[in-house]
Every structure is written in C-alpha cells, then in structure tokens.
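A short write-up of the structure that comes next.
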Amino acid sequence: MKKIFILTGEPSGDKLASTVILKLKIDNPDIDYLSVGGTHIKKLGIQSIFDLKEITYLGFTSVLFNVFKIRKKINITVDEIIKFNPDILFSVDSPDFTLRVAEKVKKINNNIKTIHYVAPQVWVWRKNRVKKIKKFIDHVLLLFNFEKKYFDEENIKNTFVGHPLIEKKDNVITTLDNLISKDKKIISLFPGSRNSETNVLLPILFNFIKLMNKKNLDYSFVFHATDENKEFIINKVKNINLDNIDVISDENIKYQVLSNSIFAVSKSGTISLQISSANIPSIIIYKLSFINFMIFKLLVNVKFANIINIINDKEVIPELLQKECNAEEIYKTVTYFLKNPELIEKQLAECEKTLEGIKSKSSSSSEAALILNNYLIP
C-alpha cells in the first residue's frame, strides 16, 4: 500500500490539505496516511502525531521565544516521518516549519518524494530561498501563475494549480434565520486563525463595533472563526456588553453569511481572495509589534500586504496597517465606503478582473490531487 505523510503548520494549511486529500481518496482509496494536521484532516479519519496548536506561532519574536520548542517539534516530526517511511511527504504552507522538516527528511531518505503546496512567497521576501528549496523539494504546487518564473529560473519542477479560495462553492444551503436577524445588515469580520493575531485584533474590532453601534443599530457583526479558535473568540465576546455579535466556524454557514454581507473587515491574508470571490467589498487590517514590523519592513520586497493589491501594484482594497489599524480609522473607512456605493462598485470590478487571471483550469484541489497521484504511479 502506498503511503503519504501530510504536513501542515496552521489551520489554513490543514483546511487546504484536507480538500486535496478528499479528492485523492476518491481517485485512489488505497493509500495509508499519517499527518501533522488539525480538525479538517482529522475529520477525514487521518491521525495527527500531535495537536496542531502546539506549533502555530506568529511573528518573528514569538518564533524566537519558542525556538527550542519548535526545534524539538521539527525533530519529533522528522523521526515520525522516517519511521512511517511514506512514498510522498506532502507539505502545505507554513514554510518556516514544513520546509525545515522536509529538508531534514530529504537528507535522511532521498527516496521520499517531497511535494509542497503553496509556494513560499519568494516574491515578497527571501528570494534566495528558491535556490535552497531546489535541494530538497521535488515539486512545488503554485497558487498564482505569476510565481512560475521564480521557480522556472532555478529549474524547480512546479505546477500552477490555482487558488482554492476563489473557486465556486457547492455549499449545502442552511437557513440563517436563527443566526442573523432579517432586519439587520451583516458585516463580516475576519480576525485571523491564530490566537496570537486575534488577541491583537479583537479589542480593535470590538471598539469598531461600538463606534458603529453609536450611529446605527441596524448592523449585525459576525466573526468568522476556525474550529480551533472559535471558543477563544466566544470567550472574548462574552466579556463585552454587545448583543449584535455572532461567532461562526461551520464552513457552509461562513460562506453563506459572507455572501449575504454588505461589507467585510479582514486581517491581511489569503482570506481576502474568498471575500473578493464572494463579490463583497472589504478593507484589510493588520498589526504587528514594533520589533516585528521593523524586521518585516527590512525584509519585504513589495509595497502592499494584500495579494490583490500586490498583483495590481496599487491599493484596490484599502489597507489599514500598524498605527492606522485602530477602531476610528476602520470606522471612518467602512462608513465612507457604505456612503459611496460607486467606490464599492469600482473595487468589486477591479477584484473580479484580477481573480479571472488567477483561476485554475478545474479546481486547485483536483489539480493538486492529480500531481500527487502521478507520483504514486510506478
């Protein structure tokens, strides 16, 4: 029986990996799996060697403070992979963890094929990393077609598979009557998947909601959580005196709520693609510690944080970062857009045009599953 070890480092990667494995199980049911995964992979009946929360860290300083813990987890993971002896090590995103593991595994057993899904953002920083990757990654699966040139230059085998967040959803229709009041307009809020980032953004978003409520009580604010951080967010919400907030984590409900929203406020990240794909206007927020931000500024090669803005080399979606990431600025920006529908129309039109250029032939998960299956064929 063929074997695959699935290696993820955070909830978003766990979710991406699960969609690929779900497709692969249909085409090739006789595969044995083991993983470092979260709730989505566990729902497929695949064991994880430890809880994903144990390795999810954010920011340069938090990585430094946890360097010995991370190193220990890397070594444990490498040992388990070597013991499992898979045909494929399928690593997904979280390059600071997954690629370090892949590098060590390849040095010990070169026969294990290493396939990495979600290329490290070498176009943002650390371009020299491509040369290093060449030594231990057999195939890179790209979310964006403009990434190809960076890997082609180093003759690294790569395939553009497209981004799963911009694919049409075949969701089960769920009634939202019990969740959302019909007489209230929905504003979706995305505070991130890691507790370390939600800890920073939640107080800011709560204050933003309070400002909105002072002017208008016709809004319902819905936090989009992961299974991993839903209780964390719910407990934070309980500590404030606001009754027009809901927290959801079910994927079907999340997509339906987003589709029925009039606006979205999202932390910087690929979730903005799903928001744009749902044709919902939005703004981007993010805040790092001063030290992390200064390190970030020294390393990055791009002017913007959001992928839509990076592709267009201009601010299509407003970015409120660092000092601008505060309740007052968020309030001003959101209300300005809501009062000027022509700005919303312009943003949505530019986003739609951008998304058309990064769609795959079928679906990202199908394309990725096909590559994995090809490596399993003798």
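Per UniProt numbering: the sequence shown = residues 1 to 378.
Don't be surprised by glycine CBs; every beta carbon is placed ideally from N, CA and C.
First and last residue of the beta strand (DSSP E) that includes residue i?
i, result
"residue 246", "245 to 248"
"residue 142", "139 to 142"
"residue 88", "88 to 92"
Grab me the residues of residue i's own chain with a C-beta within less than 7 angstroms of its C-beta, minus the 5 sequence neighbours each way, in chain order.
i, result
"residue 369", "20, 23, 24 and 27"
"residue 212", "219 and 331"
"residue 198", "191, 192, 229, 232 and 233"
"residue 317", "272, 282, 283, 284, 306, 308, 309 and 347"
Within the same chain, show all residues whose beta-carbon is closer than 8 angstroms to that of residue i, passing over the 5 residues directly before and after it, in chain order.
i, result
"residue 109", "82 and 85"
"residue 78", "101, 104, 105 and 108"
"residue 165", "270, 271, 273, 274 and 277"
So who's on the other strand from residue i, going by DSSP bridges?
i, result
"residue 286", "321"
"residue 372", "In DSSP, residue 372 forms no bridge with anything."
"residue 36", "7"
"residue 334", "Paired residue(s): none; residue 334 is not in a bridge."
"residue 31", "2"
"residue 185", "219"
"residue 151", "Residue 151 is not bridged to any residue."
"residue 48", "35"
"residue 383", "No statement about residue 383 is possible, as the shown extent of the chain runs from 1 to 378 and does not include it."
"residue 224", "248"
Kindly indicate which three-state DSSP category residue i falls into: helix, strand or coil?
i, result
"residue 346", "helix"
"residue 158", "strand"
"residue 114", "strand"
"residue 25", "helix"
"residue 262", "strand"
"residue 206", "helix"
"residue 12", "helix"
"residue 58", "With a pLDDT of 47 at residue 58, under the threshold of 50, the modelled position of that residue is not reliable, and the figure given next carries that caveat. Residue 58: coil per DSSP, three-state reduction."
"residue 304", "coil"
"residue 136", "coil"
"residue 256", "helix"
"residue 274", "helix"
"residue 164", "helix"
"residue 53", "helix"
Tell me where the alpha helix (DSSP H) around residue i begins and ends.
i, result
"residue 101", "95 to 108"
"residue 360", "That residue, residue 360, is in no alpha helix (DSSP H); it is neither H nor E in DSSP."
"residue 315", "Premise fails: residue 315 is in no alpha helix (DSSP H) and is neither H nor E."
"residue 77", "67 to 84"
"residue 130", "129 to 133"
"residue 146", "Taken as a continuous stretch (DSSP letters only), residue 146 belongs to no alpha helix (DSSP H), as it is neither H nor E."
"residue 236", "230 to 238"
Would a check of beta-carbon distances place residue i closer than 7 angstroms to chain B?
i, result
"residue 247", "As a matter of chain content, chain B is missing from the structure shown, which is built from one protein chain."
Please list, in chain order, all residues of the same chain as residue i whose beta carbon is under 6 angstroms from its beta carbon, the five residues on each side excluded.
i, result
"residue 58", "Per-residue confidence for residue 58 stands at a pLDDT of 47, beneath the threshold of 50, marking its modelled position as unreliable; no derived number is given."
Worksheet item: Can at least three beta-carbon pairs, one atom from the stretch 21 to 38 and one from the stretch 253 to 269, be found at a separation below 8 angstroms?
Response: The stretch 21 to 38 is not in contact with the stretch 253 to 269.
Fill in: Cβ contact check for the stretch 187 to 201 and the stretch 258 to 268: 3 or more pairs under 8 angstroms
Here the stretch 187 to 201 lies against the stretch 258 to 268, with 3 or more beta-carbon pairs under 8 angstroms apart.
Discussion item. Using 8 angstroms as the cut-off, can you tell me whether the stretch 353 to 365 makes contact with the stretch 236 to 250, which would need three or more C-beta pairs spanning the two stretches below that distance?
Written reply: With a cut-off of 8 angstroms, the stretch 236 to 250 and the stretch 353 to 365 do not count as touching, because too few Cβ pairs lie within range.
Worksheet item: Three or more C-beta pairs closer than 8 angstroms, one from the stretch 5 to 21 and one from the stretch 86 to 99: is that the case here?
Response: Counting Cβ pairs under 8 angstroms, three or more are found: they touch.
Discussion item. If contact is defined by three or more beta carbon pairs under 8 angstroms, each pair taking one atom from either stretch, is the stretch 220 to 231 in contact with the stretch 336 to 356?
Written reply: The stretch 336 to 356 vs the stretch 220 to 231: no contact.
Item to complete: Could you say if the stretch 143 to 162 and the stretch 226 to 234 meet the contact criterion of at least three C-beta pairs nearer than 8 angstroms?
Response: No, they do not touch.
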